[in-house]
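Chemist: Be aware that the sequence shown starts at 73, since it is given in our numbering, and climbs by one per residue.
Note that the Cβ used here is the ideal one computed from N, Cα and C, for glycine as well.
After the structure tokens below, expect a handful of questions from me.
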Amino acid sequence: MPSMPMPSQPRGWSFWWKPAVFILVAVVGLYYVKWSPYYLKSFIAADQHSIGGSIINDNPASPWLAALAYAQVYFLAIWKAAVLAVILGSLVQVLIPRDWLLRLFGKAGFGSTLRGGLFALPGMMCSCCAAPVAAGLRRQQVSVGAALAFWIANPVLNPATLVFMGFVLGWEFSLLRLLAGVVLVLGVSLFAQRIARPDTLPEVALEAVEAVNQPPQGSLLLRWMKTLWQLFWTTIPIYVVAVLVLGAARVWLFPHVDGAIGNSLFWLVALAIVGTLFVIPTAAEIPIVQTLMTLGLGVGPAVALLMTLPSISLPSLLMLRRSFDTRVLVSVALLTMLVGIVSGLLGLALL
């Protein structure tokens with residue numbers, strides 16, 4: 073692999089203030105949108121063994137009304153995180169030095185993928201909110217494996233969700249989710265990396281590092297606004313449309329649950345597929361599964377939903393259609409379904 077060139081010029085305050093601004097925006101934004109609300113919600117989960125009602129309970133007869141009803145509930149739950157995600161996804165492209173990102177996440181391999189997953193843990197975003205940041209990382213030539221690990225780990229290894237799940241469903245569910253989630257994040261990301269391209273830094277990434285000392289063209293504000301608009305236009309419109317479509321289809325995607333479904337292998341597989349495609353806010357899989365289990369859903373299908381519902385979704389896949397090769401996204405979706413099925417079978421055997 074070619075060696076990565078080192079910057080030749082010393083870096084002063086004019087260089088360091090940009091990463092500092094990014095960290096400040098990230099910390100303040102995540103505290104307001106994620107950390108503080110989730111800290112308070114953990115006490116509710118511990119006290120009431122619930123974090124709210126299922127968001128798929130409302131089933132209007134009209135698909136159009138169903139789409140609007142679900143979209144309203146969904147976007148009210150995630151809009152703050154979505155705004156923050158687009159801001160962070162754009163700022164990472166103009167405030168973080170590209171050679172930093174390439175040194176941490178540029179090389180295709182286990183280390184870079186692991187760091188991508190660890191980098192995601194403070195974010196605690198749903199798959200759709202993590203997608204703009206993953207797209208921003210890919211535009212900075214971060215490796216496929218690292219960007220995918222960041223994207224998937226945000227919802228799957230969300231520490232707050234694991235705590236909520238322990239209080240609401242039981243700590244055995246949290247442990248299984250954690251172990252299967254690590255396999256999902258690292259295994260799927262590394263496999264997708266393998267089929268994406270060879271384990272070398274692309275020439276465009278090497279050229280980016282060589283050019284790191286060259287002053288950027290135009291003002292920072294104009295470059296950020298351009299980046300923000302490009303990221304918004306390539307992710308958000310298709311995201312909104314996909315949420316509306318899935319909201320209209322949720323009546324058929326989630327059939328009426330009764331004791332006859334139980335631990336049926338057919339429904340375990342079917343719900344693993346549905347969970348991979350459907351879109352939910354952060355931690356919404358917990359009240360969904362809690363409600364369905366009270367109606368007769370067995371442990372196996374329930375675990376399959378707990379793994380697949382938060383991991384990825386059709387809207388988040390579409391949001392990243394320009395950031396990853398189609399083969400990569402299809403492989404991620406199929407492998408997520410497989411991990412959901414295997415996890416459901418393990419849950420059926422162990423829980």
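Per DSSP, what kind of secondary structure is residue 234 in: helix, strand or coil?
Modeler: helix
Chemist: Given a cut-off of 8 Å on the beta-carbon distance, is the pair residue 347 and residue 375 in contact?
Modeler: no
Chemist: For residue 224 versus residue 400, is the C-beta distance shorter than 8 Å?
Modeler: Contact flag unset, no.
Chemist: How far does the alpha helix (DSSP H) with residue 208 in it extend, from its first residue to its last?
Modeler: 199-211
Chemist: Is it buried or exposed for residue 373, if we count other Cβ within 10 angstroms and need 16 for buried?
Modeler: buried
Chemist: Using beta-carbon positions only, say whether residue 253 and residue 220 come within less than 8 Å of one another.
Modeler: Not closer than 8 Å, so no.
Chemist: On the CB-based measure, 16 or more other CB atoms within 10 Å of its CB, does residue 213 come out buried or exposed?
Modeler: buried
Chemist: Which residue comes first and which comes last in the alpha helix (DSSP H) that contains residue 250?
Modeler: It spans 243-255 - the alpha helix (DSSP H) in which residue 250 sits, taken as one unbroken run.
Chemist: Could you pull the DSSP bridge partners for residue 369 from this structure?
Modeler: BP columns for residue 369 point to 334.
Chemist: Within the continuous alpha helix (DSSP H) that includes residue 409, where are the two ends?
Modeler: 398-422
Chemist: Less than 8 Å between CB atoms is the rule here; does residue 231 satisfy it with respect to chain D?
Modeler: Any reference to chain D falls outside this structure, which holds one protein chain only.
Chemist: What does the alpha-carbon distance come out to for the pair residue 321 and residue 381?
Modeler: 15 Å
Chemist: Give a yes or no on whether the C-beta atoms belonging to residue 249 and residue 409 are separated by under 8 Å.
Modeler: no
Chemist: Starting from the C-beta of residue 356, find all residues in its chain whose C-beta is less than 7 Å away, skip the five residues before and the five after it, and write them out in chain order.
Modeler: 127
Chemist: Rounded to a whole number of angstroms, what is the C-alpha to C-alpha distance between residue 103 and residue 414?
Modeler: About 35 Å.
Chemist: In terms of alpha-carbon separation, which member of 395, 155, 251, 236 lies closest to residue 116?
Modeler: 236
Chemist: Could you tell me how far apart the beta carbons of residue 339 and residue 333 are, in whole angstroms, since I believe they sit closer than 8 Å?
Modeler: 5 Å
Chemist: I'd like the span of the alpha helix (DSSP H) that includes residue 176, first residue to last.
Modeler: 170-177
Chemist: If residue 157 sits next to residue 196, beta carbons under 8 Å apart, how far is it from one beta carbon to the other, in whole angstroms?
Modeler: Going by Cβ atoms, the distance from residue 157 to residue 196 rounds to 11 Å, so no, they are not a contact pair.
Chemist: How big is the Cα-Cα spacing for residue 184 and residue 95?
Modeler: 20 Å
Chemist: When you compare only the Cα positions, how much space is there between residue 397 and residue 137?
Modeler: When rounded, the distance between both Cα atoms is 35 Å.
Chemist: Quick one, which of 146, 209, 159 has its alpha-carbon nearest residue 394's?
Modeler: 209
Chemist: Quick one: residues in its chain with C-beta nearer than 8 Å to the C-beta of residue 121, no 5 flanking neighbours on either side, listed in chain order?
Modeler: 239, 240
Chemist: Can you grab the Cα-Cα spacing for the pair residue 234 / residue 251, in whole Å?
Modeler: Each residue's CA atom was taken as its position, placing residue 234 and residue 251 some 11 Å apart.
Chemist: Which residues bound the alpha helix (DSSP H) around residue 162?
Modeler: 135-166 is the span of the alpha helix (DSSP H), which, as asked, contains residue 162.
Chemist: What number of angstroms, rounded off, separates the C-alpha of residue 162 from the C-alpha of residue 300?
Modeler: 5 Å
Chemist: List the whole-angstrom C-beta distance separating residue 441 from residue 386, where the pair is believed to meet the contact cut-off of C-beta under 8 Å.
Modeler: With the chain running from 73 to 423 in the structure shown, residue 441 is simply not present.
Chemist: Go ahead and label residue 366 buried or exposed: buried means 16 or more other beta carbons lie within 10 angstroms of its beta carbon, across all protein chains shown.
Modeler: exposed
Chemist: Report the three-state DSSP secondary structure of residue 363 (helix, strand or coil).
Modeler: helix
Chemist: Of the choices 262, 109, 190, whose alpha-carbon is the least far from that of residue 150?
Modeler: 109
Chemist: Would you report the Cα separation of residue 124 and residue 191, rounded to the nearest angstrom?
Modeler: Their backbone Cα atoms lie some 29 Å apart in a straight line.
Chemist: Please go through the same chain and pick out, in chain order, the residues whose beta-carbon is closer than 8 Å to the beta-carbon of residue 159, but skip the five residues on each side of it.
Modeler: 97, 101, 300
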